[in-house]
Every structure is written in structure tokens, then in C-alpha cells.
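Heads up, the final residue of the sequence shown is numbered 449 in full-length UniProt numbering, and it's a clean run with no missing numbers.
All C-beta atoms, glycine included, are put in the ideal place defined by N, C-alpha and C.
First the structure, in the form of C-alpha cells, and then the observations on it.
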Amino acid sequence: MADKILEVVQYILGFGPTVMLPLVIFIMAICLRVKVGRAIRSSLTIGMGFVGIFVIFDLLGTSLGSATKDLVEHAGINLPIIDLGWPPLAAIAWASPIAPFVIPMTIIINIVMLTANWTKTVDIDLWNFWHFTFVGALVYSSTGNFMYGLLIAGITSVITFILADWCAPMVQKYFELPGISLPTLSSAIFFPIGVLGNLILDKVPGLQKLHADPETIQKRFGVFGEPMMIGFVIGGAIGVAAGYDIKSILGLAINLGAVMLIMPRMVKLLMEGLLPLSDAVKQFLRKKYPNRKDLYIGLDIAVAVGHPSVLSTALLLIPVGLLLAIILPGNRLLPLGDLTNIWVPISMVVLACRGNIVRSFIIGIPCLIVNLYVASAIAPVITNIARSINFPVKTDGEFSSLLDGGNPYRFWAVKVFEGNYIALALIPIIFVLCLVLYKHTQKSWNTED
Numbered sequence: 001m002a003d004k005i006l007e008v009v010q011y012i013l014g015f016g017p018t019v020m021l022p023l024v025i026f027i028m029a030i031c032l033r034v035k036v037g038r039a040i041r042s043s044l045t046i047g048m049g050f051v052g053i054f055v056i057f058d059l060l061g062t063s064l065g066s067a068t069k070d071l072v073e074h075a076g077i078n079l080p081i082i083d084l085g086w087p088p089l090a091a092i093a094w095a096s097p098i099a100p101f102v103i104p105m106t107i108i109i110n111i112v113m114l115t116a117n118w119t120k121t122v123d124i125d126l127w128n129f130w131h132f133t134f135v136g137a138l139v140y141s142s143t144g145n146f147m148y149g150l151l152i153a154g155i156t157s158v159i160t161f162i163l164a165d166w167c168a169p170m171v172q173k174y175f176e177l178p179g180i181s182l183p184t185l186s187s188a189i190f191f192p193i194g195v196l197g198n199l200i201l202d203k204v205p206g207l208q209k210l211h212a213d214p215e216t217i218q219k220r221f222g223v224f225g226e227p228m229m230i231g232f233v234i235g236g237a238i239g240v241a242a243g244y245d246i247k248s249i250l251g252l253a254i255n256l257g258a259v260m261l262i263m264p265r266m267v268k269l270l271m272e273g274l275l276p277l278s279d280a281v282k283q284f285l286r287k288k289y290p291n292r293k294d295l296y297i298g299l300d301i302a303v304a305v306g307h308p309s310v311l312s313t314a315l316l317l318i319p320v321g322l323l324l325a326i327i328l329p330g331n332r333l334l335p336l337g338d339l340t341n342i343w344v345p346i347s348m349v350v351l352a353c354r355g356n357i358v359r360s361f362i363i364g365i366p367c368l369i370v371n372l373y374v375a376s377a378i379a380p381v382i383t384n385i386a387r388s389i390n391f392p393v394k395t396d397g398e399f400s401s402l403l404d405g406g407n408p409y410r411f412w413a414v415k416v417f418e419g420n421y422i423a424l425a426l427i428p429i430i431f432v433l434c435l436v437l438y439k440h441t442q443k444s445w446n447t448e449d
């Protein structure tokens with residue numbers, strides 16, 4: 001029976017986010033009494049907006065992936081653990097025995113939290129439930145206890161919804177995404193890290209006044225400060241570092257400039273499709289909960305990458321990530337598969353820094369260091385999970401990923417359930433620290449408003 005359920009789940013999830021999300025949006029819109037024609041147009045617009053975003057991602061990944069690989073070969077780097085990127089990890093998560101139970105459990109948790117007014121996030125991004133599934137699979141594999149895996153998957157969903165609520169006001173203000181929250185585990189946990197890093201930099205003489213966001217850069221440098229020009233320059237610099245000829249350097253520069261120019265437009269298209277559903281949710285809430293504030297629609301972190309500050313910071317950190325992989329003692333990961341996806345965690349750091357590229361870049365460096373070490377340390381667990389479910393991997397050695405294999409929260413969760421004393425001792429410390437940071441952000445936002 002469990003095998004049949006898993007087979008059905010894998011089939012549905014096989015549609016991918018560009019098909020699943022429009023279906024969910026359409027069903028929600030109909031349930032909220034949006035006219036059928038408008039619901040169809042809205043859901044298709046959202047689906048095509050995501051198609052556009054993923055096409056740009058593909059361009060970014062193909063262009064930068066090739067350049068990064070060539071740069072690695074040019075530098076003669078040789079590290080034993082292969083970075084396969086996040087897609088194989090998502091596939092492994094959905095193929096794990098825990099997957100069929102996590103989706104209904106997460107939906108129930110979300111509904112209970114919404115009913116009890118413990119969250120404002122309505123997470124419609126079912127595809128990204130794999131983040132909760134994956135942390136559950138890691139704990140199950142490392143402890144052999146199925147219930148531990150389910151428990152941590154549930155706890156992780158609760159934490160993610162709370163983090164999404166926490167940063168939602170800034171997501172809506174600085175990323176210009178009204179009514180949206182971003183409950184993607186791979187990025188959400190970096191928001192408090194960004195807030196903490198920003199507070200520390202406030203105390204560092206010389207760094208306090210350093211500020212560079214796309215608006216100030218454009219004002220100072222004119223056309224040369226526009227996002228597409230920033231992408232062009234960074235792309236050209238990476239091409240030079242990879243040892244490319246003039247033709248290839250210009251090709252890479254044009255491609256990255258195009259990413260910086262087109263990505264925000266794809267996000268605007270997606271937001272256009274969300275408006276009917278957003279309006280319907282607001283009307284529903286006014287009737288059912290007249291004294292309650294608007295709920296947030298939980299979407300994939302991909303909608304945040306359109307912000308020029310996020311892309312600029314990520315592009316600047318890519319060569320730094322390669323350099324760190326070479327010089328850090330004890331690192332065993334060659335960050336190829338996920339290095340071009342560094343914008344995922346960095347987006348929340350950029351948000352915490354209010355678009356300040358200088359500060360985001362500085363905070364991003366220790367984040368990269370931690371991810372590299374964690375990805376190296378957890379590689380045996382990820383490899384064991386893949387082998388246990390006969391997942392086809394084209395390597396005989398260990399593998400991981402910089403982004404989701406290197407996620408510090410997942411590693412911490414594994415160590416907690418393994419009974420590691422340091423990990424257990426960190427629970428109250430991190431709780432109190434997050435509470436302090438939350439109060440700080442609430443106070444600073446109220447001051448700004």
C-alpha cells in the first residue's frame with residue numbers, strides 16, 4: 001500500500017513546479033469563487049511566468065556552469081566530493097519512503113497553524129515540500145528511526161512558516177512582492193543570519209557607511225550602473241578568469257547581462273497572474289476573519305531572484321566560492337553543481353541588508369564557508385540514502401550539494417537527533433538569539449514606517 005501511495009505521489013510531483021503550481025492556483029481560485037475564465041488566465045499566466053524564470057535560470061546555469069567548470073580546470077582544482085546540485089537531492093527526497101507522509105502532514109500543519117493564527121502563510125508551493133521531506137530523510141537515514149524523520153519534517157515546516165512570516169513585510173517592501181511570503185527552507189534560515197550579520201557590521205568602523213544598491217550605483221554611474229551593465233561586466237570578468245577567448249568572454253557577458261535585464265520582467269509577469277488570487281484571498285478574509293490581517297501567499301524563492309541586488313551579490317560571490325573551496329583546509333567539496341544557485345541563500349541576506357550589495361557580499365563569505373564544510377560533512381549520509389533507494393547516480397564516490405547539502409539547519413537537525421551534545425546545547429541559544437533578532441527587526445521596521 002505504501003509503495004502505491006509513493007508511486008502516486010511521485011507521478012503527481014513529476015509534473016514539476018511549472019505545472020503543479022498553476023493547477024494549485026486554479027483549484028484555489030475556483031474555491032474562492034473567482035470566475036472560471038479569470039482563474040484559467042491567472043493560473044496559466046503564473047505557470048508561464050515560472051517557465052520564463054526557469055528558462056532564465058537555465059541560461060544562467062548553462063553559461064555560468066560551463067564557465068565555472070572551465071575556471072576549475074584552468075586552476076587545476078581536484079576535490080573528491082562531487083557537487084551534483086539541488087535537483088538530484090529533490091528527486092532523492094521524493095523517492096524516499098518518508099515522502100508520501102510528509103505532504104499531507106505539512107498541509108495539515110499549515111491549516112492548523114492558520115486556524116490557530118500561528119502563521120499568516122498559506123503555502124501553495126507543494127513542490128517545495130521536498131525541503132521538509134529531505135531533512136526527514138536525512139534524520140531517518142542517520143538514526144534509523146522513521147518517526148524521528150517524520151517529527152523533524154513537521155518541526156521544520158513549522159519553523160519555515162514562522163521564518164516566512166517574519167521576513168514577509170520586508171519581502172513585500174524591498175522585493176516589491178505584495179501579499180507574498182517565501183517559505184523555502186534553503187533561503188528562509190539565512191534571514192536571521194543576515195539580520196545578525198547586518199547588526200555586527202553596524203558596529204564595525206569604516207563599514208557602517210559603505211552602501212551600494214542598484215539604485216545608488218545607477219545614479220552614480222549612469223548607464224554603466226544599470227543591472228544589465230553590471231551583469232555584462234561581471235560576466236566578462238568571469239570569462240577572463242576562466243581563460244576564455246574574446247568571443248567566449250563577450251558571449252558570457254551578454255548572457256549574464258540578459259539575465260539581469262529579463263529576470264525582473266518575468267517576475268512581474270508572474271505577479272500579474274497572482275493578482276486575481278490575491279484579491280480573492282483578501283475578500284475571503286474580510287468575510288471570514290474581519291478582525292484579522294491579510295494572509296500571505298507562500299511562493300518559491302525564485303520570485304525574489306529578479307531583484308538586481310540579489311543577482312549582483314550572487315554573481316560577485318561565485319568566484320569567491322571557488323577560491324574558498326581551494327584554500328579552506330578540510331573542505332572536500334568541488335562546488336560546481338550548485339555554485340550558480342548561490343542566489344537562493346543570499347537572497348535573504350540581501351533582504352536583511354535592505355539591498356546593500358557591499359554588506360550582503362561580506363556576510364555571504366562566511367555563509368559560503370559554512371556551506372562548504374557542512375556539504376562535505378553530510379556527503380556520506382546523502383550518498384547512503386541514494387544507495388539505499390537505488391537512486392541512479394553517475395559516480396562511484398561520495399556526492400553532495402553546496403546549496404541543500406550544505407544547509408546548516410539540516411546538518412544541525414541530524415546532529416540533534418543523533419544526540420550530539422553541542423547540537424542539543426545550541427537549541428536554547430539559537431532560540432533566544434532569534435527572539436532577540438525578531439524583536440530588533442520589529443522595532444526597526446516600525447521606526448522606518
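When the options are compared against residue i, the one with the closest alpha-carbon
{"i": "Ala-95", "options": "Ala-237, Ser-401, Thr-133 and Thr-62", "result": "Thr-133"}
{"i": "Asn-331", "options": "Asp-83, Val-51 and Lys-35", "result": "Asp-83"}
{"i": "Ser-141", "options": "Ile-46, Ser-388, Ile-108 and Pro-308", "result": "Ser-388"}
{"i": "Ile-230", "options": "Leu-252, Ile-111, Asp-245 and Val-303", "result": "Leu-252"}
{"i": "Tyr-148", "options": "Val-432, Ile-193, Lys-268 and Val-102", "result": "Val-102"}
{"i": "Ile-262", "options": "Asp-245, Ala-90, Leu-277 and Leu-311", "result": "Leu-311"}
{"i": "Gly-355", "options": "Tyr-174, Pro-169 and Glu-272", "result": "Tyr-174"}
{"i": "Arg-265", "options": "Leu-333, Ile-159, Pro-308 and Val-381", "result": "Pro-308"}
{"i": "Leu-114", "options": "Asp-300, Phe-161, Met-20 and Ile-369", "result": "Phe-161"}
{"i": "Leu-299", "options": "Arg-33, Ile-326 and Gly-49", "result": "Gly-49"}
{"i": "Asn-384", "options": "Asn-371, Glu-398, Gly-194 and Ala-377", "result": "Glu-398"}
{"i": "Asn-110", "options": "Pro-380, Ala-90, Pro-88 and Ile-159", "result": "Ile-159"}
{"i": "Gly-273", "options": "Ile-30, Gly-47 and Arg-33", "result": "Gly-47"}
{"i": "Ile-362", "options": "Ala-325, Gly-321 and Leu-402", "result": "Gly-321"}
{"i": "Thr-156", "options": "Pro-380, Asn-128 and Leu-372", "result": "Asn-128"}
{"i": "Val-195", "options": "Glu-176, Lys-415, Cys-167 and Pro-178", "result": "Cys-167"}
{"i": "Leu-182", "options": "Val-204, Ser-42, Leu-316 and Val-344", "result": "Val-344"}
{"i": "residue 479", "options": "His-131, Pro-80 and Ile-193", "result": "Outside the modelled stretch of the chain, which goes from 1 to 449, sits residue 479, for which no answer is possible."}
{"i": "Trp-86", "options": "Val-122, Val-51, Leu-44 and Leu-185", "result": "Leu-185"}
{"i": "Cys-367", "options": "Gly-419, Ile-378, Leu-403 and Asn-390", "result": "Leu-403"}
Per-residue DSSP class, three states only, for residue i
{"i": "Val-122", "result": "strand"}
{"i": "Tyr-148", "result": "helix"}
{"i": "residue 468", "result": "In this structure the chain extends from 1 to 449, so residue 468 is not present and cannot be described."}
{"i": "Met-189", "result": "In the sequence as presented, Met is not what sits at residue 189; that position holds Ile. Ile-189 falls in the coil class under three-state DSSP."}
{"i": "Asp-404", "result": "coil"}
{"i": "Gly-298", "result": "strand"}
{"i": "Asp-245", "result": "coil"}
{"i": "Ser-388", "result": "helix"}
{"i": "Ile-369", "result": "helix"}
{"i": "residue 502", "result": "In this structure the chain extends from 1 to 449, so residue 502 is not present and cannot be described."}
{"i": "Ser-96", "result": "coil"}
Counted within 10 angstroms of its Cβ, other Cβ atoms place residue i as buried (16 or more) or exposed
{"i": "Val-36", "result": "exposed"}
{"i": "Gly-144", "result": "exposed"}
{"i": "Val-432", "result": "exposed"}
{"i": "Lys-443", "result": "exposed"}
{"i": "Asp-165", "result": "buried"}
{"i": "Pro-276", "result": "buried"}
{"i": "Leu-323", "result": "exposed"}
{"i": "Lys-247", "result": "exposed"}
{"i": "Thr-441", "result": "buried"}
{"i": "Val-55", "result": "exposed"}
{"i": "Asn-117", "result": "exposed"}
{"i": "residue 517", "result": "Nothing can be reported for residue 517: it is not among the residues displayed for the chain, which extend from 1 to 449."}
{"i": "Phe-221", "result": "Note that Phe-221 scores 49 on pLDDT, short of 50, meaning its location in the model is unreliable; the coordinates nonetheless yield the value given after this. Label assigned to Phe-221: exposed."}
{"i": "Arg-359", "result": "buried"}
{"i": "Trp-412", "result": "buried"}
{"i": "Tyr-421", "result": "exposed"}
{"i": "Ile-429", "result": "exposed"}
{"i": "Val-204", "result": "exposed"}
{"i": "Ile-327", "result": "exposed"}
{"i": "Gly-206", "result": "exposed"}
Supposed close pair residue i, residue j - CB separation, criterion 8 Å
{"i": "Leu-351", "j": "Val-171", "result": "7 Å"}
{"i": "Val-374", "j": "Gly-406", "result": "5 Å"}
{"i": "Tyr-409", "j": "Ile-189", "result": "5 Å"}
{"i": "Ile-249", "j": "Gly-236", "result": "5 Å"}
{"i": "Val-381", "j": "Val-414", "result": "7 Å"}
{"i": "Leu-89", "j": "Ser-376", "result": "About 15 Å separates the two Cβ atoms, so there is no contact after all."}
{"i": "Pro-319", "j": "Ala-241", "result": "6 Å"}
{"i": "Gly-179", "j": "Ile-40", "result": "The Cβ separation is near 21 Å, so there is no contact."}
{"i": "Phe-417", "j": "Val-135", "result": "With 8 Å as the limit, Phe-417 and Val-135 do not qualify as a contact, their Cβ atoms being about 10 Å apart."}
{"i": "Leu-163", "j": "Met-105", "result": "At roughly 19 Å, the Cβ-Cβ gap does not stay under 8 Å, so Leu-163 and Met-105 are not in contact."}
- Contiguous alpha helix (DSSP H) assignments of at least 4 residues, all confined to the region 303-357: 308-327 and 343-352
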